[in-house]
Amino acid sequence: MRLPEEPWKSDIWRSRPAFLYSRRPIARYVGRPAAEFLKIEPAAGVVLVVCAVLAMLWANSPWAASYDAVWGLDVTFRFGGFELHHTLRDWINDGLMAVFFFVVGLEIKSEIVSGELSSPRNAVTPIAAAAGGMAVPALIYTALNAGGAGAHGWGIPMATDIAFAVGVLALFGSRIPSPARIFLLTLAIVDDLGAIAVIAVFYTDDLSPQWLIAAAALTALAVLMRLLNVWYAPVYLVIGVLLWVAMLESGVHATIAGVIMGLIIAARPLLDPAVAHDEAQELAKDGLTLEETERLVKLTRDAQPPAARIQHQNHRFSSFLVLPLFALANAGVPLSPELVAAAAGSAVTLGIVLGLVIGKTVGITLTTWVVVKLGVGRMPRGTSWPLLAAIAAVAGIGFTVALFITELAFREGDPVLTEEGKIGVLAASIVAALIGGLAVHLAAPRTPQDDDPDPVMEDAAESGLGLLDCFSRATRP
0 MRLPEEPWKS DIWRSRPAFL YSRRPIARYV GRPAAEFLKI EPAAGVVLVV
50 CAVLAMLWAN SPWAASYDAV WGLDVTFRFG GFELHHTLRD WINDGLMAVF
100 FFVVGLEIKS EIVSGELSSP RNAVTPIAAA AGGMAVPALI YTALNAGGAG
150 AHGWGIPMAT DIAFAVGVLA LFGSRIPSPA RIFLLTLAIV DDLGAIAVIA
200 VFYTDDLSPQ WLIAAAALTA LAVLMRLLNV WYAPVYLVIG VLLWVAMLES
250 GVHATIAGVI MGLIIAARPL LDPAVAHDEA QELAKDGLTL EETERLVKLT
300 RDAQPPAARI QHQNHRFSSF LVLPLFALAN AGVPLSPELV AAAAGSAVTL
350 GIVLGLVIGK TVGITLTTWV VVKLGVGRMP RGTSWPLLAA IAAVAGIGFT
400 VALFITELAF REGDPVLTEE GKIGVLAASI VAALIGGLAV HLAAPRTPQD
450 DDPDPVMEDA AESGLGLLDC FSRATRP
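According to numbering that gives the first Met the number 0, the sequence shown is numbered sequentially starting from 0.
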């Protein structure tokens, strides 16, 4: 909706404008500026970084006890005889973050169908890069800790924290070519899947085969619904929630349910946009009855790709609520001079720092170079080698998954190893964010990138705007 500089004067309002567009001071000086800020591409990254800093300050302030008290609060949901009992932090990490992974899955699905990943050579590159980015850090850590008390922690530097990595890239807005961002998203998803496999095989003793079978059955059911061309959204919502519960109870990270459902959702529209537009114009000729209005709304929805539409609907919720809460709940790692001094001379800490900061950068960049030179893969469009190396450095932000593996790796050993591991993860993530951010700033194009439009998104925009135009003309008083 395009409104003048003084939106309350627009003729579009029947009686008076919505609150956000009114003349009231809180709307003019708070509401509308805040709404405009949320539209700025780097805004999500800024909010994420601010929340991470606030969490660190909170956890190391005189009110540090309240940090653990708030995020460690027990929250229980009961459904008949079934009960889910977790801390507030776990509900954010396993529950809300599933929404973030769902949105990421939708974006990757769109790219697989008609975007950057539709070419096998383009898809091979981030998958191979993820493998290299996991192997080299693990080897570096093992070389420094082989035979020592911390040898079991080799899986710690393998993980990339997709939320913080994407948040750092978001700071640069449209300077980052879309294919480069998709490269990092795909790499991070594969990396997370690899980390979860490592956790399941090497660091988990209580996997539940029954719940894993249930998760597999629910995934198969969702795929079957898509093959039968079922487009009723509540069906997928119910399956998605049940799949999340099954993953949670199985011992596997529940956020994988979000990725699975995102990849299953259709990335092409149900209706032909051109035919739907013609039908909408016919409906709009002489005004609309209530039934015809509902029909036009349905035409508008079904002429757009579900993956693109749902991604757009959930983007702000994911970027400005889920990720900031995630940062607040997880970034608060308590530090003390004694702990930092002990960690400084620890092979565990050194292995994690070198693994994430150097291993990730070398592993991702070198593997990408190999697959590109062999002709197996292709560089992301518009991405130079310096920018790719910079993105690889950003992937060194391990944080939450790495902290989780740290807890699992040393739970039966010396508690000091756990603390040293946490310091290593925190230090490595900060260094990787700073070095990676600076490298991206230097390597990214200085001007916003005008990427080739995604055909699916282009169709969605054209069909949606065209049908909405019919709707606005038909309902005009």
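All C-beta atoms in this analysis are idealised placements derived from N, C-alpha and C, irrespective of residue type, glycine included.
Checklist entry - Three-state secondary structure (DSSP) at residue 17? => result coil
Next on the checklist: Distance check for residue 243 and residue 260, CA to CA, integer angstroms please.
Outcome noted: 10 angstroms
Checklist entry - Apart from the five residues on each side of it in sequence, which residues of its chain come closer than 6 angstroms, Cβ to Cβ, to residue 456? => result Because residue 456 carries a pLDDT of 41, less than 50, the predicted location of this residue cannot be relied on, and the following value inherits that uncertainty. The residues 307, in chain order, have a CB closer than 6 angstroms to that of residue 456 in the same chain once the five nearest residues on each side in sequence are set aside.
Next on the checklist: Contact defined as beta carbons within less than 8 angstroms: I believe residue 185 pairs with residue 107. What is the distance between those atoms, to the nearest angstrom?
Outcome noted: 6 angstroms
Checklist entry - When the Cα of residue 148 is compared with those of 350, 443, 435 and 438, which residue comes out closest? => result 350
Checklist entry - Out of 234, 366 and 133, which has the shortest C-alpha to C-alpha gap to residue 193? => result 133
Item to check | At least 3 beta-carbon pairs within less than 8 angstroms: the stretch 329-349 vs the stretch 287-302 | outcome: Taking 8 angstroms as the limit for Cβ pairs, the verdict is that the stretch 287-302 does not touch the stretch 329-349.
Checklist entry - What is the residue span of the beta strand (DSSP E) that residue 77 lies within? => result 73-78
Checklist entry - Under 8 angstroms between the Cβ atoms of residue 87 and residue 102? => result no
Checklist entry - Around the Cβ of residue 404, are there at least 16 other Cβ atoms within 10 angstroms (buried) or fewer (exposed)? => result buried
Checklist entry - Using the beta-carbon count (16 or more within 10 Å), is residue 421 buried or exposed? => result The residue is buried, with at least 16 neighbouring Cβ atoms inside 10 Å.
Item to check | residue 394 vs residue 183 beta-carbon contact at 8 angstroms | outcome: Taking 8 angstroms as the Cβ cut-off, residue 394 and residue 183 qualify as a contacting pair.
Item to check | Touch test, the stretch 46-62 against the stretch 308-326, Cβ-Cβ under 8 angstroms, three pairs minimum | outcome: Yes, since at least three Cβ pairs between the stretch 46-62 and the stretch 308-326 fall closer than 8 angstroms, the two stretches touch.
Next on the checklist: Within the continuous beta strand (DSSP E) that includes residue 85, where are the two ends?
Outcome noted: 81-86
Next on the checklist: Please return the same chain residues whose Cβ sits closer than 7 angstroms to the Cβ of residue 444, not counting the five positions on each side in sequence.
Outcome noted: 174
Item to check | Local conformation of residue 359 per DSSP, three classes | outcome: helix
Next on the checklist: Can you tell me whether residue 411 is helix, strand or coil according to DSSP?
Outcome noted: coil
Checklist entry - Between the stretch 136-155 and the stretch 365-383, do three or more beta carbon pairs fall short of 8 angstroms? => result Segments in contact, no.
Checklist entry - Can we say the stretch 195-205 touches the stretch 214-226, given the rule of at least three CB pairs closer than 8 angstroms? => result no
Next on the checklist: Is the separation between the beta-carbon of residue 431 and that of residue 355 shorter than 8 angstroms?
Outcome noted: yes
Checklist entry - So the alpha helix (DSSP H) residue 245 belongs to, where does it begin and stop? => result 232-249
Checklist entry - Taking the alpha helix (DSSP H) that residue 284 falls in, what are its first and last residues? => result From DSSP, residue 284 is part of no alpha helix (DSSP H); its letter is neither H nor E.
Item to check | Straight-line gap, residue 24 to residue 18 (C-alpha atoms, nearest Å) | outcome: Cα to Cα, the separation comes out at about 11 angstroms.
Next on the checklist: Within a Cβ cutoff of 6 angstroms, which residues of the same chain sit near residue 419, ignoring the five residues on either side of it in sequence?
Outcome noted: 342, 345, 347 and 348
Next on the checklist: My output table needs one value for residue 382: the three-state DSSP class, helix, strand or coil.
Outcome noted: Three-state result, residue 382: coil.
Next on the checklist: Quick check on the burial criterion: 16 or more other C-beta atoms within 10 angstroms. Buried or exposed for residue 29?
Outcome noted: exposed
Next on the checklist: What residue range does the alpha helix (DSSP H) around residue 109 cover?
Outcome noted: Residue 109 -> alpha helix (DSSP H) spans 96-113.
Item to check | residue 452 classed as buried or exposed, judged by whether at least 16 other C-beta atoms fall within 10 angstroms | outcome: For residue 452, the predicted model reports a pLDDT of 46, less than 50, meaning its position is unreliable and no value from the coordinates is stated.
Checklist entry - In this structure, does DSSP put residue 453 in helix, strand or coil? => result Unreliable placement is indicated for residue 453, whose pLDDT of 45 sits below 50; no coordinate value is reported for it.
Next on the checklist: Taking its Cβ as the centre, do 16 or more other Cβ atoms sit within 10 Å of residue 191, making it buried, or is it exposed?
Outcome noted: buried
Checklist entry - Quick one: what's got a C-beta closer than 7 angstroms to residue 6's C-beta in the same chain, skipping five residues either side? => result 16 and 20
Next on the checklist: Please state the DSSP three-state secondary structure of residue 159.
Outcome noted: Secondary structure at residue 159: coil, using DSSP grouped into helix, strand and coil.
Checklist entry - In this structure, does DSSP put residue 467 in helix, strand or coil? => result Unreliable positioning characterises residue 467 in this predicted model, as indicated by a pLDDT of 45, which lies under 50. The coordinate reading is nonetheless provided below. Of the three classes helix, strand and coil, the one that applies to residue 467 here is helix, per DSSP.
Item to check | Cα-Cα separation between residue 440 and residue 77, rounded to whole angstroms | outcome: If I take the Cα positions, the gap works out to 48 angstroms.
Checklist entry - Which ranges would you report for the alpha helix (DSSP H) in the stretch 122-183 if only whole runs of at least 4 residues count? => result 161-169
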